[in-house]
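Asks: In the order they appear, the protein sequences are chains A and B.
Residue numbers for the first sequence follow UniProt numbering, so the first one is 1 and each next one is one higher.
Residue numbers for the second sequence follow UniProt numbering, so the first one is 1 and each next one is one higher.
Quick reminder that beta carbons are idealized off the backbone N, C-alpha and C, glycines included.
Sending over a structure as C-alpha cells; questions will come in a sec.
2 protein chains.
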Amino acid sequence: MKAMMDRQEFEAALRQIGAERYHHLHPFQKLLQDGQLTKVQVQAWALNRYYYQSQIPVKDASILARLQTTALRRGWRQRIIDHDGQEASDGQPAQRGGIEKWIALADGVGLDRDYVESGEGILPATRFAVDAYVHFVREKSLLEAIASSLTELFSPTVIGIRSKGMLAHYDFISQETLAYFDKRPVQAKRDSDFALAYCLDNARRPEDQRAVMDALRFKCEVLWAQLDALYFSYVEPAMTPPDAWRPGIGMKADAP
Amino acid sequence: MKAMMDRQEFEAALRQIGAERYHHLHPFQKLLQDGQLTKVQVQAWALNRYYYQSQIPVKDASILARLQTTALRRGWRQRIIDHDGQEASDGQPAQRGGIEKWIALADGVGLDRDYVESGEGILPATRFAVDAYVHFVREKSLLEAIASSLTELFSPTVIGIRSKGMLAHYDFISQETLAYFDKRPVQAKRDSDFALAYCLDNARRPEDQRAVMDALRFKCEVLWAQLDALYFSYVEPAMTPPDAWRPGIGMKADAP
C-alpha cells in the first residue's frame, strides 16, 4: 500500500507518465513531423484521426452531464463549444469548431468531405480505441473520466513541433491546412490546467491517486494504439485490413 | 435500396463474409498453424487470447438477459455453461469450462496462471477490440448481438487445421495443452446453427439483413484486429507497446 503523495509529487508523477507514454514518442509521430511520410500516409492519418476528433465532444458531453456545479459545467462546456464551433450572433462572428477545421485539414490533403464524415474506411483499430475512450468516460468514476483528459498537458509542445515540421517538409501542407492547430495549444493549456486542478483537489486517498494515474495511462494507450494501427496498416508492413481506406478512395473530385 | 434476399441467398451471403474476412486468412494464423512462430510468439497469442475467452460468457450473459422465451434462453445459456464449466453434482462429474481449459493451454506453454488471469500485459489493442465486442452486444439490437456470434460458422474447420498443425510443428505443444479445442467444433456447430436459424427467421426486412451482415463483418474485424496486434507487436516489426507482456514476464516458476 503506497502512501499518499503530496500535491507536488502527484503532479510530478502525472507529468512523468506523459514523458514516458504520450504519443509524441511513437515512431509514426516522428515520421510525420520529420517529413518522412508519403502523402498517402498523411491522408491515412488525417482520415483516421478525424474519427477521434469527432468523438471528443461526445465524450465531453458525457462528462458535462455528470458535473454537479455551475462552475464546473461552465468550465467544461467550453470544450464542446471549441470543437463544435458556433454560429454568428449578436454581432459576434461565427467560429469554426475544431471538427470543421479537421475536415478542412483532410480536405487540404485531398480527401472528400462526405467520405471523411462517413467514417467509412477508418481502421477497425481506430474505431475500437476511440470507442474505448468514450466508454471509459461514461463508465468510470467522474474523477477517472476527467483524469483521462490530462493528456492535453503534453500536447502544446508536440503541436508546435509537428506543425512546424509538417509545414517545412511537405509541399502539400499549408498554414491554412493546419489551422486546426492554431488555437489548440492555448485551449489545451486552459483545459488541462482546469482538469489537473480538479484531479489534484479531488484525489484525496492513495487509491484515488492511483486511479487518476491509471486513467492517464489508459488515455496514452488510446492515442498510442491509433498510431500503431496507422503505422502497421500504411507504413510497415502496410498490411491494410479488409475494407480500410486505400489510396485513391474518398478523394476530392479536384484532388491533385 | 437492395431487395430482400431469400433464405438461401441470405445464408450464402453470410458464408461469403466468412470466406473473405474470417481470421483464418490472417498471416498470424497461418504462421501459427504452419509452425513458423517462436515459443514466445505462441505465448503472446495464448496470453492475449485469454482475455477474449474470458469475456465470451460476459457477452453471452448480456444476450441471455435480453431473450424473452424459455426456448431461446435454454439454447443460449449452454454457451455460458460451456465456458464457465460446472461442479460435480448428482453423480455427474465436474466439467472443466472453456476458460479453465484456456488457462491450461497458457500453463502448457509456460505462463503463470495468476499472471494470465490478471490481464496485465495484454496488448491495449486486444483490450479495445474485445471490449468493443462486449459493448456491441450490449448496445446494438438483439438481432445484431446474436448475428455477431456467427463467426462460429467458420471456426470448426479452422480449429482442426490449427490443432493438427500446432501438434505437428511445436514440440512444446501437446494434445493435453490443446484440450480447449477438443469440444469446440461440436459446440460451435450447435451454437452457430442456433444463431443462424435465429437470424434467418428474424431478419424480415432488407435493412435487417444488412444489419446482420454488418454485425458479422464487425465481429470479423474484432478477431482480425487481435491478430494484427499480435503480429505487429511480437512478429514484425515487433514494436511491443509500453507495459505489454515481454518474454520472461509472467512465467511459471517451473517453466522450462
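Who are the neighbours of His135 (chain A) on chain B, taking C-beta pairs under 9 Å?
Replies: Here the neighbours are Asp131, Ala132, His135.
Asks: From the beta carbon of Trp224 (chain A), is the nearest beta carbon of chain B less than 8 Å away?
Replies: Yes, Trp224 (chain A) lies at the interface with chain B (some Cβ there is under 8 Å from its Cβ).
Asks: Does the separation of the CB atoms of Val42 (chain B) and Val134 (chain B) fall below 8 Å?
Replies: Their beta carbons are not under 8 Å apart, which means Val42 (chain B) does not touch Val134 (chain B) by this criterion.
Asks: Alpha carbon to alpha carbon, what distance is there between Val130 (chain A) and Gln55 (chain A)?
Replies: Cα-Cα distance, rounded: 7 Å.
Asks: Below 8 Å between beta carbons is the criterion; list the residues of the stretch 9-26 of chain B that meet it against any residue of chain A, in chain order.
Replies: Going along the stretch 9-26 of chain B in chain order, one finds Glu20, Arg21 with a Cβ nearer than 8 Å to chain A.
Asks: Gly121 (chain A): which of A:Pro241, A:Ala71, A:Lys252, A:Asp254 sits nearest, CA to CA?
Replies: It is A:Pro241.
Asks: How far does the alpha helix (DSSP H) with Phe181 (chain B) in it reach, from first residue to last?
Replies: Note, Phe181 (chain B): alpha helix (DSSP H), 180-202.
Asks: Near Ala147 (chain A), which residues of its chain fall below 6 Å by C-beta distance, leaving aside the five closest residues on each side in sequence?
Replies: Result list for Ala147 (chain A): Cys199, Val212, Ala215, Leu216, in chain order.
Asks: Tell me, please, whether the CB atom of Ala215 (chain A) is closer than 8 Å to any CB atom in chain B?
Replies: It does not: the Cβ of Ala215 (chain A) has no partner Cβ on chain B nearer than 8 Å.
Asks: Within the same chain, show all residues whose beta-carbon is closer than 7 Å to that of Asp107 (chain A), passing over the 5 residues directly before and after it, in chain order.
Replies: Arg113, Lys252, listed in sequence order.
Asks: What whole-angstrom Cβ distance do Glu11 (chain A) and Leu196 (chain A) have, given they're in contact under 8 Å?
Replies: Yes, they are in contact, since the Cβ atoms of Glu11 (chain A) and Leu196 (chain A) sit about 7 Å apart, within 8 Å.
Asks: Need the endpoints of the alpha helix (DSSP H) that Gln92 (chain A) sits in, please.
Replies: Premise fails: Gln92 (chain A) is in no alpha helix (DSSP H) and is neither H nor E.
Asks: Please confirm whether Gln226 (chain A) and Met4 (chain A) have their CB atoms less than 8 Å apart.
Replies: No, these two residues do not count as a Cβ contact at 8 Å.
Asks: Note down the Cα distance separating Ala94 (chain B) from Asp84 (chain B), rounded to an integer number of angstroms.
Replies: Distance between the alpha carbons of Ala94 (chain B) and Asp84 (chain B): 11 Å.
Asks: Less than 7 Å between C-beta atoms, sequence neighbours within five positions excluded: which residues of the same chain meet that for Tyr231 (chain B)?
Replies: The residues are Pro27, Phe28.
Asks: What distance in whole Å lies between the Cβ atoms of Ser149 (chain A) and Ala191 (chain A), which are believed to be in contact at a cut-off of 8 Å?
Replies: Note on residue identity: the sequence assigns Asp, not Ala, to residue 191 (chain A). So it is a contact: roughly 7 Å between Cβ atoms.
Asks: Taking the alpha-carbon positions, what's the Ile63 (chain A) to Trp76 (chain A) distance?
Replies: So the two alpha carbons sit approximately 8 Å from each other.
Asks: Flag Phe128 (chain B) as yes if its beta-carbon sits less than 8 Å from any beta-carbon of chain A, otherwise no.
Replies: It does: the Cβ of Phe128 (chain B) has a partner Cβ on chain A nearer than 8 Å.
Asks: Compute the Euclidean distance between the alpha carbons of Ala88 (chain A) and Gly35 (chain A), then round it to the nearest angstrom.
Replies: Cα to Cα, Ala88 (chain A) sits roughly 38 Å from Gly35 (chain A).
Asks: Whose C-beta lies closer than 8 Å to the C-beta of Arg66 (chain B) among residues of the same chain, with five residues either side of it excluded?
Replies: Result list for Arg66 (chain B): Leu142, Ala145, in chain order.
Asks: With a threshold of 8 Å between beta carbons, is Asp114 (chain B) in contact with chain A?
Replies: No, no contact with chain A.
Asks: Taking Cβ positions only, does Asp228 (chain B) come closer than 8 Å to chain A?
Replies: Yes, Asp228 (chain B) counts as interfacial toward chain A.
Asks: Anything in chain B within Cβ reach of Phe154 (chain A), meaning under 9 Å, just list it in chain order.
Replies: Simply none; closest approach about 14 Å.
Asks: Looking at Val109 (chain A) and Thr177 (chain A), is the spacing between their C-beta atoms short of 8 Å?
Replies: Yes, Cβ-Cβ distance for Thr177 (chain A) and Val109 (chain A) is below 8 Å.
Asks: Using a 10 Å radius around the Cβ and a threshold of 16 neighbouring Cβ atoms, would you call Arg204 (chain A) buried or exposed?
Replies: With fewer than 16 Cβ atoms within 10 Å of its Cβ, Arg204 (chain A) is classed as exposed.
Asks: Output the distance between the C-alpha atoms of Gly119 (chain B) and Leu111 (chain B), rounded to the nearest integer angstrom.
Replies: Their backbone Cα atoms lie some 12 Å apart in a straight line.
Asks: Rounded to a whole number of angstroms, what is the C-alpha to C-alpha distance between Cys220 (chain A) and Pro247 (chain A)?
Replies: For Cys220 (chain A) and Pro247 (chain A), the distance between alpha carbons rounds to 29 Å.
Asks: Strictly below 9 Å CB to CB, what residues from chain A border Pro247 (chain B)?
Replies: Those within 9 Å of Pro247 (chain B) in chain A number zero; the least Cβ separation is about 20 Å.
Asks: Does any CB atom of chain A fall closer than 8 Å to the CB of Glu236 (chain B)?
Replies: At least one chain A Cβ lies under 8 Å of Glu236 (chain B).
Asks: Is there a C-beta anywhere in chain A that falls below 8 Å from the one on Ala125 (chain B)?
Replies: Closer than 8 Å to some Cβ of chain A, the Cβ of Ala125 (chain B) qualifies, so yes.
Asks: Going by beta carbon distance, what residues of the same chain come within less than 7 Å of Ile161 (chain B), once the five residues before and after it are set aside?
Replies: If we look at Ile161 (chain B) and ignore the five residues flanking it on each side, its Cβ neighbours are Gln33.
Asks: So is Gly91 (chain B) buried or exposed if we call it buried at 16+ other beta carbons inside 10 Å?
Replies: With fewer than 16 Cβ atoms within 10 Å of its Cβ, Gly91 (chain B) is classed as exposed.
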